[in-house]
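Novice:
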Amino acid sequence: MPFVSITPFYYGADLIRVFKLSCLVITSFLLLACGSDDESTNGAFVDSQAPVITLNGDSVIIVGQGRPYIELHATAVDDVDGEINVELSPQEVDTETLGDYTLVYTARDSAGNESSVIRTVSVVEPRPFITTWQIDAANEQIDISTRASTFTYNFIIDWGDGTIEEGLTGSVSHIYNEPGVYTISINGAFPNLSIQAPGEKINMLTLEQWGDIKWESMADIFYGAENITNNATDLPDLRLVEHFSYTFANAKLFNTDLSLWDTSKATTFYYMFEDATSFEFNISDWDVSNVENMRGMFNGVVLPTETYDQILNKWSQQPVQNSVIFDAGNSQYSIYAEAARDKLITEHSWTITDGGLAP
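Residue numbers 73 to 431, in my numbering, belong to the letters of the sequence shown in order.
Here is the structure:
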């Protein structure tokens with residue numbers, strides 16, 4: 073009886089293993105005993121490769137004390153079983169207690185091969201809200217305005233020139249002796265910022281860090297800050313925020329990705345981006361299910377057609393409020409979002425103002 077031994081070797085970018093194939097020829101059919109480099113002494117296949125785990129997000133995450141830790145999870149792929157489940161231990165992080173927490177992600181395939189990776193969550197002291205300001209002349213005054221009649225304040229402010237004030241419960245001002253760019257840091261209970269003086273709005277240059285301020289309103293926070301740009305890489309704590317009126321109105325240079333903002337409590341986007349003429353990012357993933365007022369939201373703004381399409385398509389799939397007035401400025405939609413726009417109008421009685429169907 074003839075015996076054939078075949079040992080093909082394959083080389084290239086897609087090579088994972090080199091397989092050896094032995095075939096026993098019996099009369100008119102082939103009986104194959106095939107194995108890879110996972111092979112026992114009797115030729116039977118043995119899976120000895122552990123799954124490969126990939127973390128979603130960074131391996132080290134910093135969370136301010138008292139803020140929620142949002143689990144990003146992980147994925148695992150096995151060479152035999154394909155995508156498999158990943159177990160996490162422990163399930164929660166105590167963000168009220170400072171320290172480093174180790175999360176272990178474990179995956180086990182059907183052959184019992186197991187692999188693990190870790191993520192470190194560091195719970196740190198609450199971080200400040202940081203902005204920079206341009207002071208053009210000696211003895212220039214900056215006013216930090218609050219809404220003390222509506223919200224409760226108790227904050228610390230570092231004016232960036234060596235002056236630190238604590239236990240503040242309302243609006244505060246400071247005079248700078250010399251011109252220059254100053255970094256102002258605010259920490260503690262500071263639920264809303266409301267800059268009133270037009271000149272001071274122009275003085276605000278950059279947002280450096282949102283920090284761990286527990287915001288209660290985003291109304292007017294950067295309204296009229298024509299020169300502000302964003303350097304912050306963190307996200308604001310918006311768990312309590314309902315009002316986003318005029319948040320970036322007339323902030324003509326502001327253009328940053330806000331797609332991960334938590335807008336689950338939002339009820340109004342009234343004139344939120346009015347005349348924020350540089351803004352063009354996609355906010356289609358925002359939760360708008362509770363929003364009742366979008367009047368003037370993008371007044372004076374032209375979003376890219378693809379971005380506006382995505383907003384219409386995704387928002388039309390949410391359980392939105394009825395009779396919402398939505399101003400999309402001069403943004404145009406394509407035929408790919410026409411049905412979604414019609415759905416908002418016909419099924420939810422929305423009134424939509426925009427630049428019409430793109431040619």
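C-beta atoms are modelled at their ideal positions from N, C-alpha and C, and glycine is treated no differently. Values in this document were obtained by computation on a predicted structure and should not be read as measured data.
1. How would you write the range of the alpha helix (DSSP H) that R413 sits in, first residue to last?
2. What do you get for Q382, buried or exposed, if any count of 16 or more other CB atoms within 10 angstroms of its CB means buried?
3. Look at the Cβ atom of G283, then the Cβ atom of R219, and state whether they are nearer than 8 Å.
4. Are I134 and V189 closer than 8 Å when you measure CB to CB?
5. What's the gap between the Cα of V121 and the Cα of T305?
6. Name the two residues that bound the continuous alpha helix (DSSP H) containing E352.
7. Excluding the 5 residues flanking L277 on each side, which residues of the same chain have their C-beta closer than 8 Å to its C-beta?
8. Kindly list the residues whose CB is nearer than 8 Å to the CB of K415, restricted to its own chain and excluding five residues on each side of it in sequence; keep chain order.
9. Based on Cα-Cα distance, which residue from E197, S406, A297 and Q393 lies nearest to T349?
10. Taking only the alpha-carbon atoms, compute the straight-line gap between I417 and D130 and give it to the nearest angstrom.
11. Indicate the three-state DSSP secondary structure (helix, strand or coil) for L277 in the structure shown.
12. Are the CB atoms of M369 and F345 within a distance shorter than 8 Å?
13. Using alpha carbons as the reference points, say which of L170, P376, S331 and I142 lies closest to G401.
14. Less than 8 Å between the C-beta atoms of P123 and S187, yes or no?
15. Go ahead and pull the three-state DSSP assignment for N385.
16. Under 7 Å Cβ to Cβ from I424, same chain only, skipping five residues before and after it: list those, please.
17. Since I267 contacts S245 with CB under 8 Å, what's their CB separation in whole angstroms?
18. Could you name the residues that DSSP lists as bridge partners for V193?
19. Cα separation between T407 and I285?
20. If you compare alpha carbons, which of A291, I236 and N303 is closest to T339?
21. Alpha carbon to alpha carbon, how far is E288 from Y225? Give it in angstroms, no decimals.
22. Tell me the DSSP secondary structure of Y254 in three-state form.
23. The beta strand (DSSP E) with S182 in it runs from where to where?
24. From D334 to V193, what does the alpha carbon distance come to, in whole angstroms?
25. If we ignore side chains and look at the alpha-carbon of each, how far apart do A261 and F227 end up?
26. Please report the straight-line C-alpha distance between V392 and V196, rounded to a whole angstrom.
27. Counting C-beta neighbours from all protein chains within 10 Å, is the total for N322 16 or more, i.e. buried, or is it exposed?
28. Would you list the residues sitting across from F316 in a DSSP beta bridge?
29. Give me whichever residues DSSP pairs with T423 in a beta bridge.
30. Taking only runs that begin and end inside the region 215-269, name each unbroken alpha helix (DSSP H) of 4 or more residues, in chain order.
31. Leaving out five residues on either side along the sequence, give the residues of the same chain with a beta carbon under 6 Å from the beta carbon of T319.
Specialist: Reading it off the structure:
1. E410 to H420
2. With 16 or more other Cβ atoms within 10 Å, it is buried.
3. no
4. In this structure, V189 does not lie closer than 8 Å to I134 by Cβ.
5. This sequence places Gln at residue 121; Val is not what is there. Taking the straight line from one Cα to the other gives about 38 Å.
6. No alpha helix (DSSP H) holds E352; DSSP gives it neither H nor E.
7. In its chain, beyond the 5 residues on either side, T203, T204, W205, Q206, V253, N299, I300 and T301 have a beta carbon closer than 8 Å to the beta carbon of L277.
8. S388
9. The shortest C-alpha separation from T349 is found at A297.
10. Those two C-alpha atoms are separated by around 41 Å.
11. strand
12. yes
13. P376
14. yes
15. helix
16. F398, A400, R413, L416 and I417
17. The pair is not a contact, with the Cβ atoms about 12 Å apart (cut-off 8 Å).
18. I133 and Y173
19. Before going further, note that residue 407 is Ile rather than Thr in the sequence given. Between I407 and I285, the C-alpha separation is close to 42 Å.
20. A291
21. 11 Å
22. strand
23. Looking at the DSSP string, S182 is not in any beta strand (DSSP E), and its letter there is neither H nor E.
24. 21 Å
25. 5 Å
26. Just so you know, the alpha carbons of V392 and V196 end up roughly 37 Å apart.
27. buried
28. DSSP output for F316 lists no bridge partner at all.
29. I397
30. none
31. M290, I293 and M344
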